[in-house]
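Residue numbers (the numbering used here), protein chains in the order written: chain A, 1 to 158; chain B, 1 to 158; chain C, 1 to 158.
Here it is in structure tokens:
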């Protein structure tokens, strides 16, 4: 009977991990478009990285600085959506990988336009404070082999 | 052992609540774009509210009327998508709050355009018939502080 | 006590089914836009079908051929996103139905445009290898009654 309980707990834990990761991923867009630099940075580990189109952020403080950057502040002052698609998530113990597509939609001159379509690969780790992003890698889906390889990483293990 | 079972059941219940809320949120777009006024209205409580850009609907019957309104019927007669992003959901007992971004995409003159990008905050309650929307608040992401505050409510408790 | 365990296991199984189906649905976009014909085809059963705007694919090999077709290869060589919205999923034993909206976003001449907004109904079955798509039916949301009926199928049982 104790074995049964232990087995059920492990299955529950897996689903709870998935729910927590799903929530973390769904939080990025709203937080970054609201301009909450602290909350965005807290989605990553202290040494977490974010590489988007050659803009490489090497730790939490650099992600914090990105949200407060002139470029990003211009986006949100005019209206922006960092719109993520539903992620495909794979968990392997204390690490996980998620892959999804994304749209950056900007409000400019009274109209909304799709400024970019992207491929996202997010590697996560379980920490004492819960799941956090360890590294995130994004490329524009402009036909490059590299962006397609990001999407293809959905098939590999974390 | 009975304690173990009770604890497992509580964890399961939380995940089931999350699944039900996720499904309810994912149903809005398809239902409203199919024009099913009854089914859309049934996503809310009897006294549920929906405030979108100053159009305040104060109960289920007003939400029903919105779906059947000339404005909405024109959208769906030409083709529309009320496209929701993955929601970040927080449950606290019998209440919950979800935050997400949304796109309204319209088909007009043979082309699709992003007519609006929005911020959504949806408060839900557990009823005898399951989870329902208690109030929903949507603002266009046009750079206004108010729309950004809607996104920021992701950080607060339900 | 054994009854309790059995009941908990059934509830867990339902949530695990939902998680697996959600992952399968979230994988389609990344896989098809990366051009991985094998992985896309493997989302379907051997005899699984895919009907999109009158292009009827009658089994796995025809879905494989679609990914490798000149039309699709042109899309991904230039950059494309088959962007799915969060699905509303209903499971009934060994079958399930999911409904969602979708956007096809294309990168052409240096800009991204929403080339199509769609209604998706995906019927799934449990196989020895896990959940697979049995038939998928997609229609452009251009105001047609048929496309709206696809969205409306969210209300029916699988």
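C-beta atoms are modelled at their ideal positions from N, C-alpha and C, and glycine is treated no differently. All of these numbers come straight from a predicted model, not from anything done at the bench.
Neighbouring residues, chain B, relative to residue i (Cβ below 7 Å)
i, result
"residue 154 of chain C", "27, 30 and 31"
"residue 19 of chain A", "15 and 18"
Partner residues on chain A for residue i, Cβ-Cβ distance less than 7 Å
i, result
"residue 34 of chain C", "148, 151 and 152"
"residue 140 of chain C", "By Cβ distance, chain A contributes nothing, its closest Cβ being about 18 Å from residue 140 of chain C, past 7 Å."
"residue 23 of chain C", "88 and 89"
Best match in the options for proximity to residue i [C-alpha to C-alpha]
i, options, result
"residue 153 of chain C", "B:36, B:4 and B:5", "B:36"
"residue 18 of chain A", "A:145, A:155, A:141 and A:131", "A:131"
"residue 149 of chain C", "B:149, B:27 and B:34", "B:34"
"residue 30 of chain B", "B:2, B:40 and B:21", "B:40"
"residue 66 of chain C", "C:49, C:125 and C:84", "C:49"
"residue 96 of chain B", "B:136, B:76 and B:63", "B:136"
"residue 59 of chain C", "C:47, C:93, C:68 and C:113", "C:47"
"residue 85 of chain A", "A:13, A:7 and A:151", "A:151"
"residue 155 of chain A", "C:111, C:63, C:103 and C:28", "C:28"
"residue 123 of chain B", "B:89, B:5, B:70 and B:68", "B:89"
"residue 75 of chain A", "A:44, A:113 and A:57", "A:113"
"residue 38 of chain B", "B:68, B:4 and B:103", "B:68"
"residue 111 of chain A", "B:109, B:103 and B:110", "B:103"
Counted within 10 angstroms of its Cβ, other Cβ atoms place residue i as buried (16 or more) or exposed
i, result
"residue 82 of chain A", "buried"
"residue 157 of chain C", "Reliability of the predicted coordinates at residue 157 of chain C is poor, the pLDDT of 47 falling under 50, and no value is obtained from them."
"residue 10 of chain C", "exposed"
"residue 91 of chain A", "buried"
"residue 55 of chain A", "exposed"
"residue 134 of chain A", "buried"
"residue 42 of chain A", "buried"
"residue 101 of chain A", "buried"
"residue 121 of chain C", "buried"
"residue 61 of chain B", "exposed"
"residue 117 of chain C", "buried"
"residue 70 of chain A", "exposed"
Interface residues of chain A facing residue i [CB-CB closer than 8 Å]
i, result
"residue 12 of chain B", "12"
"residue 143 of chain B", "76, 77, 78, 79 and 107"
Chain-ordered neighbours of residue i on chain A, where CB pairs are closer than 9 Å
i, result
"residue 122 of chain C", "Chain A residues near residue 122 of chain C: none, gap ~13 Å exceeds 9 Å."
"residue 16 of chain C", "11, 14 and 15"
"residue 125 of chain B", "Residues of chain A passing the Cβ test: none, with the nearest at roughly 20 Å."
Integer Cβ distance of residue i from residue j, believed to fall under 8 Å
i, j, result
"residue 107 of chain A", "residue 141 of chain B", "6 Å"
"residue 174 of chain A", "residue 115 of chain A", "Missing from the structure shown is residue 174 of chain A; chain A here goes from 1 to 158 and no further."
"residue 87 of chain C", "residue 22 of chain C", "7 Å"
"residue 139 of chain B", "residue 147 of chain B", "4 Å"
"residue 94 of chain B", "residue 125 of chain B", "6 Å"
"residue 78 of chain A", "residue 79 of chain B", "That belief does not hold up - the Cβ atoms of residue 78 of chain A and residue 79 of chain B are roughly 28 Å apart, past 8 Å."
"residue 25 of chain B", "residue 98 of chain B", "6 Å"
"residue 16 of chain C", "residue 12 of chain A", "With a Cβ gap of about 10 Å, residue 16 of chain C and residue 12 of chain A do not count as contacting."
"residue 4 of chain A", "residue 63 of chain C", "Incorrect: roughly 41 Å between the Cβ atoms, too far for contact."
Proximal residues of chain B, C-beta to C-beta of residue i below 8 Å
i, result
"residue 4 of chain C", "5"
"residue 9 of chain A", "8"
Chain C contact residues for residue i, given Cβ-Cβ distances below 7 Å
i, result
"residue 99 of chain A", "30"
Cβ of residue i within 8 Å of any chain E Cβ
i, result
"residue 60 of chain A", "Note that chain E does not occur in the displayed structure, where the protein chains are A, B and C."
What are the residues of the stretch 34-68 of chain B that lie near chain C, defined by any Cβ-Cβ distance shorter than 8 Å? 34, 35, 36 and 39
Compile a chain-ordered list of the residues in the stretch 103-118 of chain A whose CB is closer than 9 Å to at least one CB of chain B. Correct list: 103, 105, 106, 107, 110, 111, 112, 113 and 114.
Residues in the stretch 73-88 of chain A having any Cβ partner in chain C nearer than 9 Å: 83, 85, 86, 87 and 88
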